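Student: In my numbering, the protein residues as written are 146 to 471.
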Amino acid sequence: MSFGIDDIRRARETIASKIVETPLLESPFLNRMLNCRLFVKAENLQVTGAFKFRGALNKISSLPEEQRKNGILAFSSGNHGHAVAAAASLMGCPAVIVLPNTTAAIKVENCRWWGAETIFYDATKVDRETFAKEIAESRGLTVVPPFDDELVMAGQGTVGLEIHEQLDVLNVSPDLLVSNCSGGGLSSGVTEAFKHFYPSAEVVLVEPAGGEKMSRSLESGKPERNFNLGPTILDGINGPLAGTKTLEVLLRHGVGCTSINEDEALAGMFAAFKFLKLVIEPGGAASLAAILAKKIDVTGKTVVILASGGNVDPAVFTRALQLAEQ
């Protein structure tokens, strides 16, 4: 695979007019608390409330008109489905979104708001990719993968281009990138861009405790499955399988991994709200959570983390805010 910075730059040209260039935020309170200089890329402020819109739009924009006319299908735990629904709507094509039956209600509603049809499956009994492809074949739909696709990865990688431009204005060179990770679409794309500009910087991925499929994939050198697919507030980063193409990129750059639990994710959400005034979903807060839980040594470093999504159910967000009372 020849995936690289040029693919990401082309994606930027394709999607620039329709995406939000999200801010790179800094909090003096967090800096002092963590004894580092921390920058937070607020992709929760992206169209559809998550980074996924970038990759979905880049992929759908590349499809021939006939395929777009026939319709597209996505399988997703929520944010990718929402992104595909929105991108399809903007491109004028019908969309079907296949979701696990445990998907947060807000994510289901978001898909439907953009006019997409939703179909549900039991993630503990059904392989989502097989299920989705059977529907796509029977109805003549084109599948837009959630992560293991070079056009999707390139779209997500535009986050990394923006980070570089924003740091460049500040004349800052980072030591470390921390990325939330499930199948690897975001982490592979952003890592490719990040390491192009900062080859000596370290990259660490954050996964759910008990669902460390990318960590095991990096160790084995092949995509590993996640067998811990029960209900979790970390659903956004708890997909069933690491990507083949994404893993290839991450292996090339020698990234590291750590993991967090649900309570740590809630603490990350609370900190993002308290110090940055951001509403972030549990999986979107994983990077900040890992640093707050001291899973990663950031002392004296310049660190960039990804706040990858903000589509959180009110009940879960309320749980995070209740930490202030403890």
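Positions of the beta carbon are idealized from the N, C-alpha and C atoms, including for glycine. These figures come from a predicted structure and were not determined experimentally.
#1: Please specify which runs of the beta strand (DSSP E), each continuous and at least 3 residues long, are wholly inside the region 407-456, giving them in chain order.
#2: With a threshold of 8 Å on Cβ separation, who are the neighbours of Ala354 within its own chain once the five nearest residues in sequence on each side are excluded?
#3: Got a sec, what are the start and stop residues for the alpha helix (DSSP H) Pro459 sits in?
#4: Counting C-beta neighbours from all protein chains within 10 Å, is the total for Ser365 16 or more, i.e. buried, or is it exposed?
#5: In angstroms, rounded to a whole number, what distance separates the CA positions of Asp272 and Val314?
#6: Return helix, strand or coil for Val241, following the three-state DSSP convention.
#7: Within 8 Å, do at least three Cβ pairs link the region 161-174 to the region 182-189?
#8: Answer with buried or exposed for Ser283, where buried requires no fewer than 16 other C-beta atoms within 10 angstroms of its C-beta.
#9: Strictly by DSSP, which residues pair up with Ala263?
#10: Touch check for the region 418-428 and the region 305-320: three-plus C-beta pairs under 8 Å?
#11: Between the Cα of Arg155 and the Cα atoms of Gly200, Gln191, Ala268, Ser172, which residue gives the shortest distance?
#12: For Gly384, tell me which candidate among Ser234, Ile217, Ala228, Asp293 has the shortest Cα-Cα distance.
#13: Helix, strand or coil, according to DSSP, for Phe372 in the structure here?
#14: For Glu307 and Phe339, what's the separation of their Cα atoms in angstroms?
#15: Classify Ser147 as helix, strand or coil using the three-state DSSP reduction.
#16: Would you give the residue range spanned by the alpha helix (DSSP H) that Lys353 belongs to?
#17: If you compare alpha carbons, which of Ser221, Tyr266, Gly413, Val229 is closest to Ala465?
#18: Under 8 Å, do Val243 and Ala219 count as touching if we go by C-beta distance?
#19: Mind checking whether Ser113 and Leu395 have CB atoms under 8 Å apart?
#20: I'd like to confirm the pairing. Which residues does DSSP put opposite Asn325 in its beta bridges?
#21: Below 8 Å between beta carbons: does that hold for Gly455 and Ile425?
#22: Are Leu451 and Leu331 closer than 8 Å when you measure CB to CB?
#23: How long is the line joining the alpha carbons of Leu386 and Gly328, rounded to whole angstroms?
#24: Where does Glu364 fall in DSSP's three states?
#25: DSSP state of Leu306, grouped into three classes?
#26: In chain order, what residues of the same chain have a beta carbon less than 8 Å from the beta carbon of Ile153, not counting five sequence neighbours either side?
#27: Compare the beta carbon distance of Asp380 and Thr193 with 8 Å and say whether it is the shorter of the two.
#28: If I measure Cβ to Cβ from Pro344 and keep anything under 8 Å in the same chain, skipping five residues before and after, which residues do I get?
#29: What three-state label does DSSP hand Leu395 in the structure shown?
Tutor: Let me spell this out:
#1: 447-452
#2: Ser404, Ile405, Asn406
#3: 459-466
#4: exposed
#5: Each residue's alpha carbon lies about 46 Å from the other.
#6: Strand.
#7: yes
#8: exposed
#9: It should be pointed out that residue 263 corresponds to Thr in this sequence rather than to Ala. The partner list for Thr263 (beta bridge, DSSP) reads Ile242.
#10: no
#11: Gly200
#12: Asp293
#13: Correct three-state label for Phe372: coil.
#14: Rounded to whole angstroms, the gap between the alpha carbons of Glu307 and Phe339 is 10 Å.
#15: coil
#16: Note that residue 353 is Pro in the sequence shown here, rather than Lys. Where Pro353 is concerned, there is no enclosing alpha helix (DSSP H), although the beta strand (DSSP E) it sits in stretches over 347-353.
#17: Gly413
#18: yes
#19: Lying before the first or after the last residue shown, residue 113 is absent from the chain, which here runs from 146 to 471.
#20: Val351
#21: yes
#22: A contact, by the Cβ cut-off of 8 Å.
#23: Each residue's Cα considered, the two are about 6 Å apart.
#24: helix
#25: helix
#26: Ala299, Gly302, Thr303, Gly305, Leu306, Gly334, Glu337, Ala338
#27: In this structure, Thr193 does not lie closer than 8 Å to Asp380 by Cβ.
#28: Once the five neighbours on either side are set aside, Pro344 has no close Cβ partner at all.
#29: helix
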